[in-house]
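Asks:
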Amino acid sequence: MKRTSIAALSHMALAPCLGMALAGPVLAQEVLPQVDAEGARLDALQREINQQTAQLQQMRQSLEQQQQRISQLQQALNEELLANARARGATATPLAPLLAQQSGGQAVAPPQAPQPSQQPQPVGQAPESDSRPPEVAQIFDQPGVLTPRGKFVLEPSLQYGYSANDRVALVGYTIIPALLIGLIDVRQVKTTTATATLTARYGLNNRFELEAKLPYVYVNSDTVSREIFTGSAVDNVFNANGNGIGDAEVTARYQINRGGPDKPFFVGWLRYKSRTGKDLFEVVTDCVTRCVANTTGTGLPLELPTGTGFEAIQPGLTWLYPSDPVVFFGSLSYLHNFKRSNVSRTLLGGVTESLGEVEAGDIIGFNLGMGLALNEKAAISLGYDQNIVGKTKQNGEEVAGAVRVTLGTLLLGGTYRFNEKVSLNVALGVGVTRDTPDVTFTARVPVTF
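According to mature numbering (1 follows the signal peptide of the UniProt record, and there is no 0), the sequence shown holds residues -28 to -1, 1 to 421 in order.
1. Can you tell me which of the three DSSP states E36 falls into?
2. So, for T324: in the same chain, excluding its five sequence neighbours on each side, which residues have a beta-carbon less than 7 Å away from its beta-carbon?
3. Mind pulling the beta strand (DSSP E) runs of 3 or more residues that sit fully within the stretch 259 to 329?
4. When the Cα atoms are used, what is the spatial distance from Q24 to S43?
5. How is residue 424 classed by DSSP in three states: helix, strand or coil?
6. Under a three-way DSSP split, which group does I228 fall into?
7. Tell me which residues share the same chain as V125 and place their Cβ nearer than 6 Å to its Cβ, disregarding the 5 neighbours each side in the sequence.
8. Do the stretch 176 to 196 and the stretch 214 to 225 touch if we need at least three Cβ pairs shorter than 8 Å?
9. CA-CA distance, E329 and T364?
10. Using DSSP with H/G/I as helix, E/B as strand and the rest coil, what is P409?
11. Could you give the DSSP three-state label for T119: helix, strand or coil?
12. State buried or exposed for V394, treating a residue as buried only when at least 16 other CB atoms are found within 10 Å of its CB.
13. Note down, in chain order, each residue of its chain lying with its Cβ closer than 8 Å to the Cβ of Y306, except the 5 sequence neighbours on either side.
14. Tell me the rounded alpha-carbon separation between T165 and L45.
15. Using the Cβ count rule (16 or more neighbours within 10 Å means buried), how would you classify F413?
16. On the three-pair Cβ rule with 8 Å, is the stretch 287 to 301 touching the stretch 338 to 348?
17. State the CB to CB distance for the pair E331 and N309, rounded to an integer number of angstroms; the pair is presumed to be in contact (CB under 8 Å).
18. Out of Q47, L49 and N359, which one is the CA nearest neighbour of R376?
19. With burial defined as no fewer than 16 other Cβ atoms inside 10 Å of the residue's Cβ, what is the status of Q131: buried or exposed?
20. Counting C-beta neighbours from all protein chains within 10 Å, is the total for N178 16 or more, i.e. buried, or is it exposed?
21. Please return the same chain residues whose Cβ sits closer than 6 Å to the Cβ of A415, not counting the five positions on each side in sequence.
22. Label V222 either buried or exposed according to how many other C-beta atoms from any shown protein chain fall within 10 Å of its C-beta, with 16 as the threshold for buried.
23. Hey, out of A12, M31 and Q110, whose CA is closest to T387's CA?
24. Could you spell out where the beta strand (DSSP E) holding R389 opens and where it closes?
25. Can you tell me whether G362 is helix, strand or coil according to DSSP?
26. By DSSP, does T163 sit in helix, in strand, or in coil?
27. Ends of the beta strand (DSSP E) at residue 424?
28. Within 10 Å of its beta-carbon, does P128 have 16 or more other beta-carbons around it, so buried, or fewer, so exposed?
29. Just reading off the beta strand (DSSP E) that S395 is part of, what are its end residues?
30. Look up R173 in the DSSP assignment and say whether it is helix, strand or coil.
31. Taking 8 Å as the threshold (C-beta atoms), are D258 and L272 in contact?
32. Look at the Cβ atom of residue 422, then the Cβ atom of E181, and state whether they are nearer than 8 Å.
33. If you draw a straight line from the alpha carbon of D194 to that of L379, how long is it in whole angstroms?
34. To the nearest angstrom, how far is it from the Cα of G368 to the Cα of G175?
35. Would you check if the distance between the CB atom of residue 422 and the CB atom of T248 is smaller than 8 Å?
36. Taking buried to mean at least 16 other C-beta atoms within 10 Å of its own C-beta, is A85 buried or exposed?
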(Lines of atoms letter the chains of each structure in order from A and count residues from 1; the text may use other names and numbers.)
(Lines give C-alpha, C1' and ligand atoms only; values in the text may rest on other atoms or scores of the structure.)
Protein backbone atom coordinates (compact mmCIF):
# COMPACT_ATOMS: atom_id res chain seq x y z
CA MET A 1 0.00 0.00 0.00
CA LYS A 2 2.80 2.28 0.86
CA ARG A 3 4.65 1.40 -2.33
CA THR A 4 1.56 2.29 -4.35
CA SER A 5 1.26 5.60 -2.63
CA ILE A 6 4.90 6.43 -3.18
CA ALA A 7 4.62 5.61 -6.87
CA ALA A 8 1.55 7.71 -7.17
CA LEU A 9 3.28 10.57 -5.50
CA SER A 10 6.25 10.20 -7.81
CA HIS A 11 4.06 10.33 -10.84
CA MET A 12 2.32 13.39 -9.49
CA ALA A 13 5.64 15.15 -8.89
CA LEU A 14 7.08 14.30 -12.27
CA ALA A 15 3.96 15.36 -14.17
CA PRO A 16 4.52 19.09 -13.88
CA CYS A 17 8.15 18.78 -14.80
CA LEU A 18 7.32 16.75 -17.84
CA GLY A 19 4.61 19.27 -18.69
CA MET A 20 7.02 22.15 -18.47
CA ALA A 21 9.58 20.33 -20.51
CA LEU A 22 7.07 19.58 -23.17
CA ALA A 23 5.64 23.13 -23.08
CA GLY A 24 9.07 24.86 -23.46
CA PRO A 25 9.31 24.59 -27.25
CA VAL A 26 5.72 25.70 -27.57
CA LEU A 27 6.34 28.83 -25.45
CA ALA A 28 9.49 29.62 -27.38
CA GLN A 29 7.56 29.44 -30.61
CA GLU A 30 5.02 31.91 -29.17
CA VAL A 31 7.61 34.39 -27.67
CA LEU A 32 9.90 34.71 -30.72
CA PRO A 33 7.22 36.31 -32.94
CA GLN A 34 6.43 38.76 -30.14
CA VAL A 35 10.10 39.77 -29.91
CA ASP A 36 10.29 40.22 -33.67
CA ALA A 37 7.15 42.36 -33.61
CA GLU A 38 8.58 44.51 -30.81
CA GLY A 39 11.80 45.01 -32.78
CA ALA A 40 9.85 46.00 -35.87
CA ARG A 41 7.86 48.47 -33.80
CA LEU A 42 11.05 49.98 -32.38
CA ASP A 43 12.49 50.25 -35.88
CA ALA A 44 9.34 52.01 -37.03
CA LEU A 45 9.57 54.40 -34.09
CA GLN A 46 13.22 55.08 -34.89
CA ARG A 47 12.35 55.81 -38.52
CA GLU A 48 9.57 58.15 -37.39
CA ILE A 49 11.99 59.91 -35.05
CA ASN A 50 14.46 60.29 -37.91
CA GLN A 51 11.72 61.68 -40.13
CA GLN A 52 10.62 64.11 -37.42
CA THR A 53 14.24 65.14 -36.89
CA ALA A 54 14.68 65.77 -40.62
CA GLN A 55 11.43 67.75 -40.71
CA LEU A 56 12.56 69.72 -37.67
CA GLN A 57 15.83 70.51 -39.43
CA GLN A 58 13.89 71.66 -42.47
CA MET A 59 11.72 73.80 -40.22
CA ARG A 60 14.84 75.34 -38.69
CA GLN A 61 16.29 76.08 -42.10
CA SER A 62 13.00 77.56 -43.23
CA LEU A 63 12.83 79.66 -40.06
CA GLU A 64 16.38 80.90 -40.66
CA GLN A 65 15.42 81.82 -44.21
CA GLN A 66 12.37 83.66 -42.90
CA GLN A 67 14.53 85.49 -40.37
CA GLN A 68 16.98 86.46 -43.10
CA ARG A 69 14.07 87.66 -45.20
CA ILE A 70 12.74 89.72 -42.32
CA SER A 71 16.22 91.19 -41.75
CA GLN A 72 16.47 92.13 -45.42
CA LEU A 73 13.04 93.72 -45.32
CA GLN A 74 13.92 95.57 -42.13
CA GLN A 75 17.11 96.84 -43.75
CA ALA A 76 15.16 97.96 -46.80
CA LEU A 77 12.66 99.68 -44.52
CA ASN A 78 15.42 101.46 -42.63
CA GLU A 79 17.01 102.61 -45.87
CA GLU A 80 13.64 103.85 -47.08
CA LEU A 81 13.15 105.66 -43.80
CA LEU A 82 16.55 107.30 -44.25
CA ALA A 83 15.61 108.37 -47.74
CA ASN A 84 12.37 109.81 -46.33
CA ALA A 85 13.81 110.89 -43.01
CA ARG A 86 13.75 114.58 -43.74
CA ALA A 87 10.35 114.23 -45.37
CA ARG A 88 8.55 112.95 -42.35
CA GLY A 89 5.79 114.88 -40.72
CA ALA A 90 3.20 112.16 -40.49
CA THR A 91 3.10 108.66 -39.10
CA ALA A 92 6.05 106.48 -40.01
CA THR A 93 5.74 104.50 -43.21
CA PRO A 94 4.09 101.17 -42.35
CA LEU A 95 5.92 97.95 -43.00
CA ALA A 96 3.11 96.44 -45.10
CA PRO A 97 3.50 98.63 -48.22
CA LEU A 98 7.23 97.96 -48.28
CA LEU A 99 6.66 94.22 -47.93
CA ALA A 100 4.13 94.46 -50.72
CA GLN A 101 6.69 96.09 -52.98
CA GLN A 102 9.22 93.38 -52.16
CA SER A 103 6.76 90.52 -52.79
CA GLY A 104 5.10 91.78 -55.94
CA GLY A 105 2.08 93.54 -54.45
CA GLN A 106 1.08 91.12 -51.68
CA ALA A 107 1.88 91.40 -48.02
CA VAL A 108 4.03 88.71 -46.48
CA ALA A 109 2.57 86.95 -43.45
CA PRO A 110 4.47 87.28 -40.16
CA PRO A 111 7.08 84.55 -39.66
CA GLN A 112 5.72 81.39 -38.00
CA ALA A 113 7.13 77.94 -37.46
CA PRO A 114 6.53 76.16 -40.78
CA GLN A 115 4.57 72.92 -40.84
CA PRO A 116 6.07 69.80 -42.42
CA SER A 117 3.41 69.62 -45.08
CA GLN A 118 3.24 73.29 -46.07
CA GLN A 119 5.26 76.47 -46.40
CA PRO A 120 4.12 79.98 -45.39
CA GLN A 121 2.15 81.64 -48.14
CA PRO A 122 1.52 85.35 -48.72
CA VAL A 123 -1.90 86.32 -47.43
CA GLY A 124 -4.00 89.44 -47.75
CA GLN A 125 -3.62 92.54 -49.87
CA ALA A 126 -1.24 95.28 -48.76
CA PRO A 127 -2.59 98.81 -48.53
CA GLU A 128 -1.43 101.00 -51.35
CA SER A 129 0.98 103.80 -50.61
CA ASP A 130 -0.33 107.03 -52.11
CA SER A 131 2.99 108.72 -52.65
CA ARG A 132 6.38 109.25 -51.13
CA PRO A 133 6.41 112.00 -48.48
CA PRO A 134 8.16 115.21 -49.55
CA GLU A 135 11.75 115.94 -48.58
CA VAL A 136 12.36 118.59 -45.98
CA ALA A 137 14.31 121.47 -47.48
CA GLN A 138 18.08 121.08 -47.67
CA ILE A 139 19.50 124.16 -45.98
CA PHE A 140 23.09 122.99 -45.38
CA ASP A 141 25.77 122.18 -47.95
CA GLN A 142 25.99 118.53 -46.88
CA PRO A 143 22.71 116.63 -47.36
CA GLY A 144 21.77 113.86 -44.97
CA VAL A 145 19.71 111.79 -47.40
CA LEU A 146 21.76 109.45 -49.59
CA THR A 147 21.04 108.65 -53.22
CA PRO A 148 19.44 105.18 -53.68
CA ARG A 149 21.48 102.46 -55.34
CA GLY A 150 21.79 102.87 -59.09
CA LYS A 151 20.13 106.30 -59.07
CA PHE A 152 21.73 109.41 -60.54
CA VAL A 153 20.85 112.90 -59.33
CA LEU A 154 21.73 116.04 -61.27
CA GLU A 155 21.25 119.20 -59.24
CA PRO A 156 21.71 122.67 -60.74
CA SER A 157 21.69 125.45 -58.16
CA LEU A 158 22.08 129.21 -57.95
CA GLN A 159 23.24 131.15 -54.90
CA TYR A 160 23.13 134.91 -54.39
CA GLY A 161 24.95 136.58 -51.53
CA TYR A 162 25.42 140.14 -50.31
CA SER A 163 27.63 141.45 -47.54
CA ALA A 164 28.64 144.85 -46.24
CA ASN A 165 31.35 145.19 -43.61
CA ASP A 166 34.05 147.55 -42.50
CA ARG A 167 37.14 145.57 -43.40
CA VAL A 168 38.69 144.13 -46.52
CA ALA A 169 37.61 140.54 -47.14
CA LEU A 170 38.50 138.78 -50.36
CA VAL A 171 35.39 136.74 -50.93
CA GLY A 172 35.09 134.14 -53.67
CA TYR A 173 32.27 131.79 -52.96
CA THR A 174 34.06 130.83 -49.74
CA ILE A 175 35.00 133.38 -47.11
CA ILE A 176 38.63 133.24 -45.95
CA PRO A 177 40.78 135.62 -43.91
CA ALA A 178 42.13 138.50 -45.98
CA LEU A 179 45.81 138.51 -46.87
CA LEU A 180 45.92 141.71 -48.89
CA ILE A 181 45.33 144.65 -46.59
CA GLY A 182 47.21 147.37 -48.48
CA LEU A 183 47.72 150.96 -47.45
CA ILE A 184 44.16 152.21 -47.30
CA ASP A 185 41.88 153.26 -44.50
CA VAL A 186 38.90 151.07 -45.27
CA ARG A 187 35.49 152.48 -44.46
CA GLN A 188 33.22 149.85 -45.92
CA VAL A 189 33.25 146.95 -48.36
CA LYS A 190 30.09 145.91 -50.23
CA THR A 191 30.34 142.54 -51.95
CA THR A 192 27.83 140.83 -54.21
CA THR A 193 28.35 137.19 -55.16
CA ALA A 194 26.44 134.94 -57.57
CA THR A 195 27.40 131.28 -57.84
CA ALA A 196 25.91 128.80 -60.30
CA THR A 197 26.76 125.22 -59.37
CA LEU A 198 26.20 121.90 -61.11
CA THR A 199 26.18 118.95 -58.72
CA ALA A 200 26.03 115.27 -59.66
CA ARG A 201 25.40 112.44 -57.20
CA TYR A 202 25.36 108.68 -57.80
CA GLY A 203 24.35 105.93 -55.38
CA LEU A 204 26.77 103.00 -55.55
CA ASN A 205 24.51 101.18 -53.10
CA ASN A 206 21.85 102.18 -50.61
CA ARG A 207 24.47 103.23 -48.07
CA PHE A 208 27.22 104.80 -50.16
CA GLU A 209 27.21 107.64 -52.68
CA LEU A 210 29.67 109.84 -54.56
CA GLU A 211 29.21 113.51 -55.38
CA ALA A 212 31.00 115.93 -57.71
CA LYS A 213 30.43 119.68 -57.72
CA LEU A 214 31.59 122.37 -60.14
CA PRO A 215 30.76 126.04 -59.45
CA TYR A 216 30.89 129.11 -61.67
CA VAL A 217 31.41 132.30 -59.69
CA TYR A 218 30.70 135.97 -60.34
CA VAL A 219 31.75 138.41 -57.64
CA ASN A 220 31.63 142.21 -57.51
CA SER A 221 33.06 144.41 -54.78
CA ASP A 222 32.79 148.13 -54.05
CA THR A 223 35.32 149.36 -51.51
CA VAL A 224 34.66 152.73 -49.91
CA SER A 225 38.00 153.91 -48.51
CA ARG A 226 40.38 156.76 -48.02
CA GLU A 227 44.01 156.56 -49.12
CA ILE A 228 46.57 157.44 -46.53
CA PHE A 229 49.75 159.47 -46.99
CA THR A 230 47.97 161.52 -49.68
CA GLY A 231 46.34 164.19 -47.53
CA SER A 232 42.97 163.40 -49.04
CA ALA A 233 39.88 163.79 -46.86
CA VAL A 234 37.50 162.45 -49.49
CA ASP A 235 36.27 158.89 -49.57
CA ASN A 236 36.82 157.06 -52.83
CA VAL A 237 35.08 154.02 -54.26
CA PHE A 238 37.25 151.28 -55.74
CA ASN A 239 35.37 148.74 -57.81
CA ALA A 240 36.56 145.28 -58.77
CA ASN A 241 34.91 142.14 -60.05
CA GLY A 242 35.77 138.67 -61.20
CA ASN A 243 34.13 135.66 -62.76
CA GLY A 244 35.11 132.16 -63.78
CA ILE A 245 35.21 128.55 -62.68
CA GLY A 246 35.39 128.10 -58.94
CA ASP A 247 36.97 125.35 -56.89
CA ALA A 248 35.72 121.89 -57.92
CA GLU A 249 34.80 119.45 -55.16
CA VAL A 250 34.40 115.69 -54.71
CA THR A 251 32.59 114.13 -51.74
CA ALA A 252 31.99 110.54 -50.61
CA ARG A 253 29.25 109.68 -48.08
CA TYR A 254 28.54 106.45 -46.22
CA GLN A 255 25.64 105.56 -43.96
CA ILE A 256 27.19 104.11 -40.82
CA ASN A 257 24.23 102.51 -39.09
CA ARG A 258 20.64 101.38 -39.52
CA GLY A 259 18.38 103.93 -37.93
CA GLY A 260 14.63 104.04 -37.70
CA PRO A 261 11.75 105.75 -35.92
CA ASP A 262 13.18 107.41 -32.81
CA LYS A 263 16.58 106.00 -33.73
CA PRO A 264 19.32 108.25 -35.15
CA PHE A 265 20.93 107.81 -38.55
CA PHE A 266 24.64 108.60 -38.88
CA VAL A 267 26.27 109.46 -42.21
CA GLY A 268 30.02 109.93 -42.42
CA TRP A 269 31.52 111.88 -45.31
CA LEU A 270 34.83 113.05 -46.70
CA ARG A 271 35.10 116.09 -48.97
CA TYR A 272 38.04 117.18 -51.11
CA LYS A 273 38.19 120.75 -52.44
CA SER A 274 40.57 121.58 -55.27
CA ARG A 275 41.85 125.01 -56.30
CA THR A 276 40.67 125.10 -59.90
CA GLY A 277 39.39 128.65 -59.47
CA LYS A 278 41.55 131.73 -59.88
CA ASP A 279 42.95 132.51 -56.45
CA LEU A 280 43.97 135.72 -54.73
CA PHE A 281 47.64 135.16 -55.57
CA GLU A 282 46.95 135.07 -59.32
CA VAL A 283 44.92 138.27 -59.62
CA VAL A 284 46.77 141.54 -60.24
CA THR A 285 47.14 143.79 -57.21
CA ASP A 286 47.03 147.58 -57.53
CA CYS A 287 50.65 148.20 -56.55
CA VAL A 288 53.46 149.51 -58.76
CA THR A 289 56.31 148.08 -56.74
CA ARG A 290 55.35 146.82 -53.30
CA CYS A 291 52.28 147.19 -51.13
CA VAL A 292 54.42 147.86 -48.07
CA ALA A 293 55.37 151.54 -47.60
CA ASN A 294 54.08 152.29 -51.07
CA THR A 295 51.84 155.26 -51.82
CA THR A 296 51.33 154.52 -55.50
CA GLY A 297 48.53 152.02 -55.14
CA THR A 298 45.62 150.99 -53.00
CA GLY A 299 46.80 147.47 -52.30
CA LEU A 300 43.51 146.12 -53.57
CA PRO A 301 43.21 143.48 -56.32
CA LEU A 302 42.07 144.75 -59.70
CA GLU A 303 40.23 141.47 -60.25
CA LEU A 304 38.54 139.42 -57.56
CA PRO A 305 39.37 135.72 -57.14
CA THR A 306 36.86 132.95 -57.75
CA GLY A 307 38.57 130.38 -55.53
CA THR A 308 40.21 130.19 -52.14
CA GLY A 309 43.69 129.39 -53.44
CA PHE A 310 44.15 126.37 -51.18
CA GLU A 311 43.44 122.68 -51.53
CA ALA A 312 41.49 121.33 -48.60
CA ILE A 313 40.12 118.12 -47.16
CA GLN A 314 37.11 118.01 -44.86
CA PRO A 315 35.86 114.99 -42.90
CA GLY A 316 32.48 115.26 -41.25
CA LEU A 317 29.60 113.43 -39.61
CA THR A 318 25.93 114.11 -40.32
CA TRP A 319 23.12 112.80 -38.11
CA LEU A 320 19.35 112.64 -38.46
CA TYR A 321 16.85 111.81 -35.72
CA PRO A 322 13.27 111.16 -36.88
CA SER A 323 10.78 111.99 -34.12
CA ASP A 324 7.26 112.57 -35.38
CA PRO A 325 6.16 115.06 -36.41
CA VAL A 326 9.64 116.57 -36.98
CA VAL A 327 13.10 115.41 -37.98
CA PHE A 328 16.15 116.80 -36.21
CA PHE A 329 19.43 116.89 -38.11
CA GLY A 330 22.88 118.41 -37.96
CA SER A 331 26.56 117.84 -38.67
CA LEU A 332 30.06 118.37 -37.34
CA SER A 333 33.09 118.87 -39.60
CA TYR A 334 36.71 119.96 -39.72
CA LEU A 335 38.27 121.52 -42.83
CA HIS A 336 42.05 121.47 -43.20
CA ASN A 337 43.68 123.80 -45.73
CA PHE A 338 46.96 122.52 -47.15
CA LYS A 339 49.73 125.09 -46.99
CA ARG A 340 51.38 126.40 -50.15
CA SER A 341 55.06 127.08 -50.68
CA ASN A 342 56.79 129.60 -52.96
CA VAL A 343 53.68 131.77 -53.13
CA SER A 344 53.95 135.10 -54.97
CA ARG A 345 51.59 138.03 -55.37
CA THR A 346 51.18 139.61 -58.81
CA LEU A 347 51.66 143.39 -59.03
CA LEU A 348 51.12 145.90 -61.81
CA GLY A 349 53.46 145.57 -64.77
CA GLY A 350 53.86 141.82 -64.34
CA VAL A 351 56.07 142.17 -61.28
CA THR A 352 55.71 139.55 -58.57
CA GLU A 353 56.20 139.88 -54.85
CA SER A 354 57.28 136.75 -52.98
CA LEU A 355 55.21 135.81 -49.97
CA GLY A 356 56.97 132.54 -49.17
CA GLU A 357 54.92 129.86 -47.45
CA VAL A 358 51.27 130.59 -46.75
CA GLU A 359 48.81 128.45 -44.78
CA ALA A 360 45.17 129.46 -44.46
CA GLY A 361 43.46 128.78 -41.16
CA ASP A 362 41.55 125.56 -40.65
CA ILE A 363 37.78 125.67 -40.17
CA ILE A 364 35.68 123.96 -37.51
CA GLY A 365 32.04 123.77 -38.55
CA PHE A 366 28.82 122.57 -37.01
CA ASN A 367 25.13 123.04 -37.68
CA LEU A 368 21.79 122.05 -36.24
CA GLY A 369 18.29 122.12 -37.66
CA MET A 370 14.86 120.55 -37.81
CA GLY A 371 12.45 119.81 -40.62
CA LEU A 372 8.68 119.55 -40.75
CA ALA A 373 6.48 118.25 -43.57
CA LEU A 374 3.45 120.49 -44.17
CA ASN A 375 1.74 118.07 -46.56
CA GLU A 376 2.66 115.43 -49.11
CA LYS A 377 4.47 117.90 -51.36
CA ALA A 378 5.67 120.82 -49.23
CA ALA A 379 7.99 121.00 -46.24
CA ILE A 380 10.09 123.53 -44.35
CA SER A 381 13.39 123.48 -42.45
CA LEU A 382 14.95 125.78 -39.90
CA GLY A 383 18.57 125.66 -38.82
CA TYR A 384 21.74 127.38 -37.69
CA ASP A 385 25.20 126.99 -39.24
CA GLN A 386 28.47 128.15 -37.70
CA ASN A 387 32.09 128.05 -38.85
CA ILE A 388 35.13 129.06 -36.83
CA VAL A 389 38.01 130.09 -39.11
CA GLY A 390 41.54 129.93 -37.73
CA LYS A 391 44.33 132.45 -38.24
CA THR A 392 46.36 132.59 -41.44
CA LYS A 393 50.09 131.90 -41.19
CA GLN A 394 52.90 133.14 -43.42
CA ASN A 395 56.32 131.48 -43.24
CA GLY A 396 55.26 129.71 -40.06
CA GLU A 397 54.21 132.93 -38.31
CA GLU A 398 50.75 134.33 -37.88
CA VAL A 399 50.03 137.14 -40.32
CA ALA A 400 50.09 140.54 -38.62
CA GLY A 401 46.54 141.55 -37.84
CA ALA A 402 45.16 138.07 -38.46
CA VAL A 403 42.31 137.15 -36.15
CA ARG A 404 40.08 134.16 -35.58
CA VAL A 405 36.76 134.66 -37.34
CA THR A 406 33.36 133.22 -36.42
CA LEU A 407 30.75 132.96 -39.15
CA GLY A 408 27.18 132.29 -38.02
CA THR A 409 24.16 131.98 -40.29
CA LEU A 410 20.49 131.46 -39.48
CA LEU A 411 18.81 129.46 -42.26
CA LEU A 412 15.20 128.97 -43.31
CA GLY A 413 14.36 126.63 -46.17
CA GLY A 414 11.41 125.21 -48.04
CA THR A 415 10.89 122.50 -50.63
CA TYR A 416 8.15 121.52 -53.05
CA ARG A 417 8.08 118.16 -54.80
CA PHE A 418 6.60 118.31 -58.28
CA ASN A 419 6.79 114.56 -58.85
CA GLU A 420 8.91 111.55 -57.94
CA LYS A 421 11.89 112.88 -59.91
CA VAL A 422 11.87 116.68 -59.69
CA SER A 423 11.64 119.01 -56.72
CA LEU A 424 12.48 122.63 -55.92
CA ASN A 425 14.47 123.57 -52.85
CA VAL A 426 15.08 127.12 -51.62
CA ALA A 427 17.00 128.39 -48.59
CA LEU A 428 17.42 131.85 -47.09
CA GLY A 429 20.41 132.59 -44.88
CA VAL A 430 20.82 135.62 -42.62
CA GLY A 431 24.19 136.41 -41.07
CA VAL A 432 24.24 136.75 -37.30
CA THR A 433 27.89 137.81 -36.97
CA ARG A 434 29.62 140.84 -38.50
CA ASP A 435 31.94 138.73 -40.66
CA THR A 436 29.14 136.66 -42.19
CA PRO A 437 27.39 137.72 -45.42
CA ASP A 438 24.29 139.70 -44.56
CA VAL A 439 22.03 137.58 -46.72
CA THR A 440 22.29 134.54 -48.97
CA PHE A 441 19.58 132.97 -51.09
CA THR A 442 20.00 129.53 -52.64
CA ALA A 443 17.74 127.68 -55.08
CA ARG A 444 18.28 124.02 -56.00
CA VAL A 445 16.45 121.78 -58.47
CA PRO A 446 17.48 118.14 -57.93
CA VAL A 447 16.45 115.83 -60.79
CA THR A 448 16.61 112.05 -60.29
CA PHE A 449 17.34 109.67 -63.17
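Backbone N, C-alpha and C fix where the C-beta goes; we use that ideal spot for every residue, glycine too.
Replies: This is what the structure gives:
1. helix
2. S316, R317 and T318
3. 284 to 295, 298 to 309 and 312 to 319
4. 28 Å
5. Past the edges of the chain, shown from -28 to 421, lies residue 424, and the structure says nothing about it.
6. In the structure shown, I228 sits in coil (DSSP, three-state: anything other than H, G, I, E or B).
7. Contacts found: T119, R173, P418 and T420.
8. yes
9. C-alpha separation (whole angstroms): 11 Å.
10. For P409, the three-state secondary structure derived from DSSP is coil.
11. coil
12. The residue is exposed, with fewer than 16 neighbouring Cβ atoms inside 10 Å.
13. Q286, P287, G288, D334, I335, I336 and G337
14. Their Cα atoms are separated by approximately 47 Å.
15. F413 comes out exposed.
16. yes
17. 7 Å
18. N359
19. buried
20. buried
21. Short of 6 Å from the beta carbon of A415, and not among the five residues preceding or following it, lie these beta carbons of its own chain, in chain order: L130 and V398.
22. Classification of V222: exposed, given that the 10 Å Cβ count is below 16.
23. Q110
24. DSSP places R389 in the uninterrupted beta strand (DSSP E) bounded by V377 to R389.
25. coil
26. In this structure, T163 counts as strand in the three-state DSSP scheme.
27. Not covered by the structure: residue 424. The range shown for the chain is -28 to 421.
28. By the Cβ neighbour-count rule, P128 is exposed, with fewer than 16 other Cβ atoms within 10 Å of its own.
29. S395 to G403
30. strand
31. yes
32. The chain is shown from -28 up to 421; residue 422 falls before or after that span and cannot be answered.
33. Looking at the two C-alpha atoms, the distance is approximately 21 Å.
34. 42 Å
35. Nothing can be reported for residue 422, as the shown portion of the chain is limited to -28 through 421.
36. With a pLDDT of only 42 at A85, under 50, the local geometry of the prediction cannot be trusted, and the value read off the model is given with reservation. Exposed.
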